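This report concerns only the one structure given below.
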Amino acid sequence: MIYNIPYLVVVGLILIGLFAVMFKRNLIKIVIGVTLIESGVNLFLITLGFRKDGVAPIFTGLPEGVNYPADMALPVPQALTLTSIVIGVAVLALMLSMIIHLYRHHNTLDVSKIRRLKE
Amino acid sequence: MSILDTFVAHAPALIVAIPLLGAFLVQLVGRLHEKAKVVFALLTILLTNCFLYLLTYDVFTNGIRTYIFGNADLTLPVVRILFEVDAMSIYMALISTTLILVAFIFSWVYMKDNTGLDKFYTLMLLLTAGMLGMVFTGDIFNFFVFLEITGISSAALVAFWVHKAEAVEAGFKYILISAIGALFVLFAIALLYGQYDALNIAVLAQSIQFTFLDKIALVILLVSLAMKAGLFPMHMWLPDSYSRAPAPVTIGLVAATLASFYGVLRVIFSLYGGIYSGTDLALLSTLTSTKFMGSLLIGLALLAILVGVIMALRQTDLKRLIAFAAVAEIGYMFLGIGTWMAAKTVHVDPDGIATAISILPYGNLALQGGIFHLFNDAFDIGLLFLVAGVIFFVTKERSLDNLSGLARHMKATTIFFIIGLCAVAGLPPLNGFASKLLLYESTFQLNPILGIVAIVGSILLLAVFVKVFYAAFMGPDLIKTNVHKEPRSMIIAMGILAAVIIIIGLFPDLFLTHFVEPATDALLNFSSYTNAVLIGGV
Amino acid sequence: MSDAGMSKIVRTIASVSFPFVLIYGLYIIAHGHLTPGGGFQGGAVVASGCAMILIAYGSSWILTKTKEHHISLLEHAGALGFIGLAFLGLLLGGVFFANFIIGEPILFGSAPALGSTLADINTGGVLPLMNFAVGLKVIAGLFSIILVMAYASGHKEGIQ
Amino acid sequence: MFTFETGSGFWNPLVWIIIFVVAFLIGYILRSFGKRSYKEGTEQTKSFLSGNEEYDKEHMQIKSSNLYWGFTESFSWLYSILKKLHTGNASDYIVWFVVVLGLFLLAGVML
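Residue numbers (my numbering), protein chains in the order written: chain A, 355 to 473; chain B, 153 to 690; chain C, 74 to 233; chain D, 839 to 949.
If you want it as structure tokens, here you go:
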């Protein structure tokens with residue numbers, strides 16, 4: 355049961371993030387929502403690589419009495435998470451800089467007022 | 153091994169790497185001379201095209217080609233990052249590189265008064281690399297990475313005219329949609345990875361069991377990629393961002409949208425190909441859900457066609473109008489896939505026991521029509537967006553209400569617009585008709601209503617563009633100031649697209665047998681895709 | 074984030090702790106092929122140190138010391154280094170991204186010993202070089218993002 | 839080479855082009871039957887609007903928003919719905935995504 359808690363947290367994070375994106379009006383909060391979804395997905399990936407009593411997947415730093423691949427945490431999900439974090443930083447930076455420009459043009463951060471493109 | 157063989161062997165990696173290298177070199181080259189950037193970007197994309205043509209010849213004669221990064225032999229198929237290029241990838245890559253080439257030619261004069269042009273070309277080349285990576289990769293996580301590269305660079309390009317409030321708004325909408333879609337794609341990838349410990353599409357496809365989690369992953373992948381491809385009712389970002397981007401960027405966006413559509417195809421036909429294109433009796437239990445999803449796709453596609461054309465009919469902003477027409481065109485493509493998914497039948501013997509599952513022949517026809525239409529959509533909509541770009545460049549007017557009598561000044565543009573109009577509305581003898589004919593006839597056999605809606609959509613599309621033609625090109629000469637001839641580079645760019653449209657319109661059969669059918673077969677032939685990786689296809 | 078910078082205490086603390094942040098980040102980059110970490114993580118650490126300086130001293134002060142396009146030049150150098158190494162792999166090793174240095178009698182050339190050994194930094198082939206390239210790119214990229222954002226948002230009246 | 843089989847039918851662009859050429863020829867022949875006494879710049883070229891004065895060309899142009907007025911007017915109920923759907927609010931786009939996701943989850947997973 356205790357090992358399922360991360361998965362519940364993952365679902366919770368993604369749902370909270372989606373809620374923020376859908377129903378919050380402040381642009382910054384929407385971006386926070388996107389980041390929450392991203393954290394949820396990253397947590398999910400990391401949790402998939404978990405092994406009970408596993409050690410860090412450093413080949414040269416293996417302690418005595420530990421089997422080579424079997425007792426290590428999976429390194430692939432960590433690599434995936436890292437890649438996703440890097441991409442997340444780029445997306446976050448781009449979104450925030452667009453928000454700066456949006457604020458300059460519209461003088462508001464309310465997403466429901468920034469809708470010149472409609473119909 | 154001759155030098156040409158070496159080139160072909162490394163072509164899959166080079167086709168993605170050359171635009172990537174060019175993207176960063178443009179900044180350095182741009183310091184030399186004002187025009188050096190665009191010349192360099194053009195050279196880069198031409199070199200990519202050369203390698204692509206070599207690879208095209210090879211793939212169409214010798215079959216699937218794989219490329220493994222870092223090491224020549226495929227020792228650890230699960231860990232190694234690899235590219236897998238089949239006829240469908242080539243088909244998509246040809247569309248993307250041609251559109252980007254045209255966009256670069258078009259931008260020669262169109263973008264000349266802008267500052268920060270080196271960043272423009274960097275982003276355009278990154279967009280190209282991302283799209284080509286998406287269509288070439290054989291690894292689902294890499295697909296996500298390239299999807300994000302495409303999304304980020306195109307969002308930045310949509311907001312390129314940062315001093316315009318609408319452009320930034322469109323860019324923000326695009327990056328929001330793109331980020332959420334890509335994150336859900338990553339979530340689905342994690343679901344698959346957690347079950348099968350693999351990221352390679354071929355390995356995953358071989359081992360997928362269609363469990364509960366697999367179904368969730370399938371739905372998430374399908375819906376997120378369909379959103380990025382602009383399926384109704386998730387199409388709303390599309391008119392917003394298409395209409396506010398600079399014209400060369402819009403062409404790139406058309407290609408990027410189609411790359412997402414390619415993702416949908418890859419998910420259905422390769423990743424879940426064992427379930428969807430399999431005719432094993434063991435799949436009987438999955439038949440209800442697959443057929444029902446097909447019907448749902450058909451429903452959304454029909455709504456997309458109708459809503460796209462009906463909304464286009466009342467638009468006054470020219471580029472926004474064309475973007476709504478693009479929504480309808482995307483509906484046609486999804487109609488092809490949906491019909492294929494729903495066109496499965498179970499043969500039952502007199503005792504009521506199922507004996508066989510088969511895909512009805514019109515299903516494959518509908519798929520061919522959809523894939524043919526992919527090409528036509530890219531070129532027809534691309535041509536119309538270029539015409540809109542020329543009109544905006546010459547008159548600085550967006551609204552059709554303020555345009556009139558342009559045919560008096562811009563004869564070449566008028567002719568290209570008529571070609572684009574006829575092609576997009578599916579008027580014979582241009583290419584749009586050939587693909588739509590395939591779709592009409594095949595969907596009619598599934599349900600007559602589908603065919604009828606498709607035809608009605610085409611007729612309304614014609615009405616939409618006749619309105620544009622009447623309003624912008626005919627009538628008295630209202631715009632007296634500022635109207636001059638269209639620059640030659642723009643005529644060349646439009647001419648390339650128009651020439652392709654006419655040639656394919658005249659020889660639809662040649663194109664169908666030499667490009668569309670191999671691409672469709674590559675999608676349908678699920679086992680050859682997986683075997684190319686699993687049984688040492690190098 | 075005001076333009077003027079913060080109080081003298083903050084500035085002094087930032088100046089004192091900056092070298093440590095820098096060293097730690099560079100360590101993570103340099104040991105990327107041996108321990109968890111690498112170009113991006115180390116680069117992010119260094120860039121956060123730079124952000125600390127930026128907050129303490131203000132963006133205008135930073136812009137008197139360096140220009141944004143110099144930083145972006147560094148960024149492109151990093152990107153070009155990475156993709157250039159991949160192309161060198163194609164030229165020298167036969168495959169894109171091939172590890173052409175490993176096994177050669179030059180820096181980083183020796184193959185790592187099997188089993189649980191002490192970490193030897195002189196291994197890894199092109200991996201450390203790629204880590205350096207990525208590190209350069211990330212430091213320059215993140216720093217220029219933060220710098221531009223601070224400068225842009227600092228010059229709008231009425232932002233609290 | 840030109841003929842294009844679609845399973846239940848075929849299509850040949852050459853036939854269509856020949857029809858175009860024939861139609862053009864017929865039109866040209868009909869035109870050649872026209873009066874030869876037509877002169878430009880005389881009363882003959884003026885349009886006849888039941889004796890009313892003709893407006894300037896600039897005022898005769900129908901704006902594009904007024905084209906298809908009958909169609910848009912009779913479908914105004916549909917347009918009011920469609921306009922309401924496309925709110926332009928970025929959050930609503932994500933709401934649509936979640937709605938479609940739920941729809942497909944119902945279809946694909948529950949069945």
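Note that CB positions come from ideal geometry on N, CA and C, so glycine has one too. As the structure is a computational prediction, the values presented were derived from the model and not from experiment.
Taking beta-carbon pairs under 7 Å, can you tell me which members of the stretch 110–134 of chain C lie near chain A?
Within the stretch 110–134 of chain C, the qualifying residues are F113.
Separation of L582 (chain B) from M376 (chain A), as counted between CA atoms
The count along the first sequence starts at 1 and reaches residue 376 (chain A) at position 22. The count along the second sequence starts at 1 and reaches residue 582 (chain B) at position 430. For M376 (chain A) and L582 (chain B), the distance between alpha carbons rounds to 43 Å.
To which residues of the same chain is K325 (chain B) closer than 7 Å at the C-beta, ignoring the five residues directly before and after it?
Residue 325 (chain B) sits at position 173 when you count from the first residue of the second sequence. Excluding its 5 nearest sequence neighbours in each direction, K325 (chain B) has C-beta neighbours in its own chain below 7 Å: W389, D392 and S393, listed in chain order.
Which residues does DSSP pair with K496 (chain B) in a beta bridge?
The residue you call residue 496 (chain B) lines up with position 344 of the second sequence. Per DSSP, B:I511.
Are at least three pairs of beta-carbons, each pair with one atom in the stretch 446–466 of chain B and one in the stretch 539–553 of chain B, less than 8 Å apart?
In this structure the stretch 446–466 of chain B does not lie against the stretch 539–553 of chain B, because fewer than three pairs of beta carbons, one per stretch, are closer than 8 Å.
Would you check if there are 3 or more beta carbon pairs closer than 8 Å linking the stretch 475–486 of chain B to the stretch 639–648 of chain B?
Cβ pair count under 8 Å is below three, so no.
Mapping the DSSP letters down to three states, classify I220 (chain B) as helix, strand or coil.
One-based indexing of the second sequence puts residue 220 (chain B) at position 68. The answer is strand: DSSP assigns I220 (chain B) an E or B state.
Residues near A171 (chain C) by beta carbon distance below 6 Å, same chain, minus five either side:
Stepping through the third sequence from its first residue, residue 171 (chain C) is reached at position 98. Correct list, in chain order: G162.
Check E141 (chain C) in the structure and name its three-state DSSP category.
The residue you call residue 141 (chain C) lines up with position 68 of the third sequence. The answer is helix: DSSP assigns E141 (chain C) an H, G or I state.
Please determine if the stretch 362–376 of chain A and the stretch 312–319 of chain B are in contact, where contact requires at least 3 C-beta pairs separated by less than 8 Å.
Judged by Cβ distances under 8 Å, the stretch 362–376 of chain A makes no contact with the stretch 312–319 of chain B, as fewer than three pairs qualify.
Helix, strand or coil, according to DSSP, for M426 (chain A) in the structure here?
Here residue 426 (chain A) refers to the residue found at position 72 when the first sequence is read from its first residue. Here M426 (chain A) sits in strand by DSSP.
Residue ranges of each alpha helix (DSSP H) within the stretch 847–914 of chain D, 4 or longer
You should have 851–870, 895–898 and 907–912.
Taking all protein chains shown into account, do 16 or more other C-beta atoms lie within 10 angstroms of the C-beta of W907 (chain D), making it buried, or fewer, making it exposed?
Residue mapping note: residue 907 (chain D) aligns to position 69 of the fourth sequence, counting from 1. Looking at its Cβ environment, which holds fewer than 16 other Cβ atoms inside 10 Å, W907 (chain D) is exposed.
Partner residues on chain A for I113 (chain B), Cβ-Cβ distance less than 7 Å
Look at the range of chain B in this structure, 153 to 690, and you will see that residue 113 (chain B) is not part of it.
Can you tell me whether G394 (chain A) is buried or exposed? The criterion is at least 16 other CB atoms within 10 Å of its CB, across all chains shown.
In the first sequence, residue 394 (chain A) corresponds to position 40, counting from 1. It counts as buried.
Check whether the Cβ atoms of G946 (chain D) and S441 (chain B) lie closer than 8 Å to each other.
Residue numbering aside, residue 946 (chain D) sits at position 108 when the fourth sequence is read from its first letter. Residue numbering aside, residue 441 (chain B) sits at position 289 when the second sequence is read from its first letter. For G946 (chain D) and S441 (chain B), yes; Cβs fall inside 8 Å.
Could you run through the stretch 902–935 of chain D and flag, in chain order, every residue whose CB is less than 7 Å away from some CB of chain A?
Residues passing the 7 Å Cβ filter: K921, H924, T925, G926, N927, A928, S929, I932 and V933.
Can you pull the chain D residues whose beta carbon is under 7 Å from the beta carbon of V375 (chain A), in chain order?
Residue numbering aside, residue 375 (chain A) sits at position 21 when the first sequence is read from its first letter. Within chain D, the residues near V375 (chain A) are S929 and I932.
Are the CB atoms of R469 (chain A) and T925 (chain D) nearer to each other than 8 Å?
Along the first sequence, one-based indexing puts residue 469 (chain A) at 115. Along the fourth sequence, one-based indexing puts residue 925 (chain D) at 87. Yes.
Using the Cα positions of G182 (chain C) and L200 (chain C), report the straight-line distance between them to the nearest angstrom.
The residue given as residue 182 (chain C) occupies position 109 in the third sequence. The residue given as residue 200 (chain C) occupies position 127 in the third sequence. For G182 (chain C) and L200 (chain C), the gap between their C-alpha atoms comes out near 10 Å.
Runs of 4 residues minimum, wholly inside the stretch 282–325 of chain B: which ones carry the alpha helix (DSSP H) assignment?
For the stretch 282–325 of chain B, the continuous alpha helix (DSSP H) assignments of 4+ residues that do not extend past its boundaries occur at 292–310, in sequence order.
Less than 8 Å between the C-beta atoms of L598 (chain B) and T468 (chain B), yes or no?
On the second sequence, residue 598 (chain B) is found 446 positions in, with the first residue counted as 1. On the second sequence, residue 468 (chain B) is found 316 positions in, with the first residue counted as 1. Contact: no.
The ligand PLP and K548 (chain B): does the residue's C-beta get closer than 7 Å to at least one heavy atom of that ligand?
The ligand content of the structure shown is nil, which means the ligand PLP is not present either.
Could you work out which residue in B:A322, B:V297 and B:M562 is closest to I341 (chain B) when comparing CA atoms only?
By one-based count along the second sequence, residue 341 (chain B) stands at place 189. The shortest C-alpha separation from I341 (chain B) is found at B:V297.
Determine contact between the stretch 453–460 of chain A and the stretch 379–391 of chain A, defined as no fewer than three beta-carbon pairs at a distance below 8 Å.
A contact exists between the stretch 453–460 of chain A and the stretch 379–391 of chain A.
How big is the Cα-Cα spacing for K189 (chain B) and G460 (chain B)?
To locate residue 189 (chain B), count along the second sequence from 1; it is residue 37. To locate residue 460 (chain B), count along the second sequence from 1; it is residue 308. Put simply, the backbone Cα of K189 (chain B) is about 37 Å away from that of G460 (chain B).
Please compile the residues from chain A whose C-beta is within a distance smaller than 9 Å of the C-beta of G222 (chain C).
As a working note, residue 222 (chain C) is residue 149 in the third sequence. According to the sequence provided, residue 222 (chain C) is Met. The question's Gly does not apply to it. By Cβ distance, chain A contributes A447, L450, S451 and I454.
Does the CB of G689 (chain B) have a neighbour CB from chain D at under 8 Å?
Translated into positions along the second sequence, residue 689 (chain B) becomes position 537. The predicted position of G689 (chain B) is uncertain, since its pLDDT is 43 and thus under 50; no value can be drawn from it.
Under 8 Å, Cβ to Cβ, is there at least one residue of chain B near A225 (chain C)?
Stepping through the third sequence from its first residue, residue 225 (chain C) is reached at position 152. No - not a single Cβ of chain B is within 8 Å of the one on A225 (chain C).
Short of 6 Å in beta carbon distance, which residues of its chain neighbour F596 (chain B), apart from the five on each side in sequence? Order them along the chain.
The residue given as residue 596 (chain B) occupies position 444 in the second sequence. The residues are G603.
For L591 (chain B), count neighbouring Cβ atoms within 10 angstroms of its own Cβ and tell me buried if that reaches 16, exposed if not.
Against the second sequence, residue 591 (chain B) aligns to sequence position 439. So L591 (chain B) ends up on the buried side.
Within the same chain, show all residues whose beta-carbon is closer than 6 Å to that of H525 (chain B), passing over the 5 residues directly before and after it, in chain order.
Mapped onto the second sequence, residue 525 (chain B) falls at position 373. If we look at H525 (chain B) and ignore the five residues flanking it on each side, its Cβ neighbours are Y484, M485 and S587.
Unbroken beta strand (DSSP E) run spanning V668 (chain B), endpoints
Within the second sequence, residue 668 (chain B) is the residue found at index 516, counting from 1. Counted as a single uninterrupted DSSP element, the stretch harbouring V668 (chain B) is not any beta strand (DSSP E), since DSSP gives it neither H nor E.
Over what stretch of residues does the alpha helix (DSSP H) that includes F702 (chain B) continue unbroken?
Nothing in the structure corresponds to residue 702 (chain B), since chain B is present only between 153 and 690.
Nearest-angstrom Cα distance between I391 (chain A) and Y100 (chain C)?
In the first sequence, residue 391 (chain A) corresponds to position 37, counting from 1. In the third sequence, residue 100 (chain C) corresponds to position 27, counting from 1. Using only the alpha carbons, I get a separation of about 31 Å.
What residue does the alpha helix (DSSP H) around V608 (chain B) start on, and which one ends it?
Here residue 608 (chain B) refers to the residue found at position 456 when the second sequence is read from its first residue. P600 to V620 is the extent of the alpha helix (DSSP H) around V608 (chain B).
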